[in-house]
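There are 2 protein chains.
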Amino acid sequence: MVRRFAAGEALFRKGDHAFGIFRLVAGRIRLAPVTPDGAEVPVPMARPGELFAEASLFSARYHCDALALTDSEVLLYPKAEVVQQLKKNEEEMWKFAGEMAHRLQGLRTQLELRQIRSAPQRVLQSLHLRCDATGRWAPEGTLKQFAEEIGLTHEALYRALATLKKEGRIRRDKDQISLLAKDFKALDKDEK
Amino acid sequence: MVRRFAAGEALFRKGDHAFGIFRLVAGRIRLAPVTPDGAEVPVPMARPGELFAEASLFSARYHCDALALTDSEVLLYPKAEVVQQLKKNEEEMWKFAGEMAHRLQGLRTQLELRQIRSAPQRVLQSLHLRCDATGRWAPEGTLKQFAEEIGLTHEALYRALATLKKEGRIRRDKDQISLLAKDFKALDKDEK
DNA sequence: CGTCACATTGATGCCTCTCAAAGCTTGTGG
DNA sequence: CCACAAGCTTTGAGAGGCATCAATGTGACG
């Protein structure tokens, strides 16, 4: 079931009855658990293709707010339907579990990344994770978004990129960033 | 199947044939993906009771190193066995998926936490997440470990606690930390 | 051609990390 | 029972780096 939300609109709010899980098709969604002391702690954003609010299948209510940052399009899988489907169809269930396991890894990886304090180091590591086998990567979206994803201000990102370029560790072409020899020793390719 | 590992011993290494998933019973395990440029980026640690290496069920090989930081005891669920069990038993499968969904939330929460730069704020937020309904929390393990879990040096943690105490937001008793009125407005209790 | 958002670089300040040192707690052995 | 060792706890001083504020350049789109 396709549903669209305008920028600023809420898909659901904390405490709402959990009516289904979502897959983001296009746009940007921010999952923003309400903090006890009022301040908003945003960040974990859903990106296109990702499943989110999976926990709602196992819970009666949502545990955080989901806000559309831009006009967005999502697939809504009604809870009752999904549950029935999954419980009946072992194949589907397996796929679903596999997806969650995959996301778990992704989040762990992100967590590691945040542990790197140095902006250039963090950027470099991010690039390693995103570059293809040839050591190249074309950012999807703006660099500003990229900065946000890896938890840096955009200024810090630009400076880090400049530093890395000056050190000869990366090259920047039109709409593309490449790892240079020093850091690109045929990244191991045995993901998940 | 219970297995024990001494401090410093590796449960498995990146690239090893995936032979099963684990649940930590006691001790501390560090999951440490090898970074391309040699530096170690540790952090995502398994804590007692947690399942880890779930992704190995959906993959032929492990994707990171697992190192015992202290003498540890784990439950090893052989892959073939688990897979068969899960695929046959819908009930078990559902429990397994629920556990992963739960872990997903936990990791997202941690990720939000790391986004808070200010040490006092991060500590406060961590306390909110850990305190019981009465606003109290007894740290399991040392404060040093707590500091590591929330991504601060222990010095920063001690200073943050001192600051919060001075501001009258927390109270520290023997082996217990309490949130004070200002920040403790009956934390919403509708966890999953 | 004007507007708007991204991209880039500069200057400043705060805050956490780091290195250091001292007090405290716990356990061990004589 | 005491003395010593080891690790946690706590506070101090200094430095580096990222966030913040600010300004300019650049590209896309109407």
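These protein sequence lines are chains A and P, in that order. If you read the first sequence in this note's numbering, its first letter stands for residue 1102, the second for the next number, and so on. If you read the second sequence in this note's numbering, its first letter stands for residue 1102, the second for the next number, and so on. Note that CB positions come from ideal geometry on N, CA and C, so glycine has one too. Treat the numbers as computed from the prediction; the structure is a model and nothing was measured.
Extent of the continuous beta strand (DSSP E) to which residue i belongs
i, result
"residue 1263 of chain A", "Per DSSP, residue 1263 of chain A belongs to no beta strand (DSSP E); it is in the alpha helix (DSSP H), 1255-1267."
"residue 1121 of chain A", "1121-1127"
"residue 1177 of chain P", "1173-1179"
"residue 1279 of chain P", "1277-1280"
"residue 1111 of chain P", "1111-1113"
"residue 1223 of chain P", "Looking at the DSSP string, residue 1223 of chain P is not in any beta strand (DSSP E); the run it does join, the alpha helix (DSSP H), is 1220-1231."
Same chain, Cβ closer than 6 Å to residue i, five either side skipped, listed in chain order
i, result
"residue 1194 of chain P", "1187"
"residue 1121 of chain P", "1177, 1178, 1179 and 1180"
"residue 1105 of chain P", "1174"
"residue 1232 of chain P", "1238 and 1280"
Whether residue i touches residue j by CB criterion (8 Å)
i, j, result
"residue 1114 of chain A", "residue 1173 of chain A", "no"
"residue 1107 of chain P", "residue 1169 of chain P", "yes"
"residue 1327 of chain A", "residue 1244 of chain A", "This structure cannot speak to residue 1327 of chain A, because chain A is shown only from 1102 to 1293."
"residue 1205 of chain A", "residue 1167 of chain A", "no"
"residue 1300 of chain P", "residue 1175 of chain P", "With chain P covering only 1102 through 1293, there is no way to say anything about residue 1300 of chain P."
"residue 1212 of chain P", "residue 1208 of chain A", "yes"
"residue 1276 of chain P", "residue 1248 of chain P", "no"
"residue 1242 of chain A", "residue 1279 of chain A", "no"
"residue 1220 of chain P", "residue 1261 of chain P", "yes"
Cβ-based neighbour list, residue i, same chain, cut-off 7 Å, excluding 5 preceding and 5 following
i, result
"residue 1281 of chain P", "1269, 1270, 1271 and 1272"
"residue 1202 of chain A", "none"
"residue 1214 of chain A", "1223, 1226, 1227 and 1251"
"residue 1162 of chain A", "1116, 1117, 1118 and 1119"
"residue 1184 of chain P", "1158"
"residue 1155 of chain A", "1122 and 1201"
"residue 1197 of chain P", "1187"
"residue 1131 of chain P", "1143, 1146, 1168 and 1170"
"residue 1246 of chain A", "none"
"residue 1160 of chain A", "1119"
Interface flag, residue i vs chain P, CB-CB below 8 Å
i, result
"residue 1191 of chain A", "yes"
"residue 1255 of chain A", "no"
"residue 1123 of chain A", "no"
"residue 1238 of chain A", "no"
"residue 1216 of chain A", "yes"
"residue 1263 of chain A", "no"
"residue 1194 of chain A", "yes"
Any chain A beta carbon closer than 8 Å to residue i
i, result
"residue 1118 of chain P", "no"
"residue 1206 of chain P", "yes"
"residue 1132 of chain P", "yes"
"residue 1188 of chain P", "yes"
"residue 1181 of chain P", "no"
"residue 1291 of chain P", "At residue 1291 of chain P, the pLDDT of 42 sits below 50, so the modelled position is not reliable; the number obtained from the coordinates is stated separately. By this cut-off, residue 1291 of chain P is an interface position."
"residue 1164 of chain P", "yes"
"residue 1212 of chain P", "yes"
"residue 1247 of chain P", "no"
"residue 1158 of chain P", "yes"
For residue i: DSSP bridge partner residues
i, result
"residue 1169 of chain P", "P:1130"
"residue 1274 of chain P", "P:1277"
"residue 1147 of chain A", "A:1130"
Contacts around residue i, its chain only, beta-carbon distance under 8 Å, and the 5 residues preceding and following it disregarded
i, result
"residue 1266 of chain P", "1272 and 1273"
"residue 1217 of chain P", "1223 and 1226"
Where the alpha helix (DSSP H) through residue i begins and ends
i, result
"residue 1215 of chain P", "1191-1216"
"residue 1159 of chain A", "Element bounds for residue 1159 of chain A: n/a, residue is neither H nor E."
"residue 1311 of chain P", "Because chain P spans 1102 through 1293 in this model, residue 1311 of chain P falls outside it and cannot be assessed."
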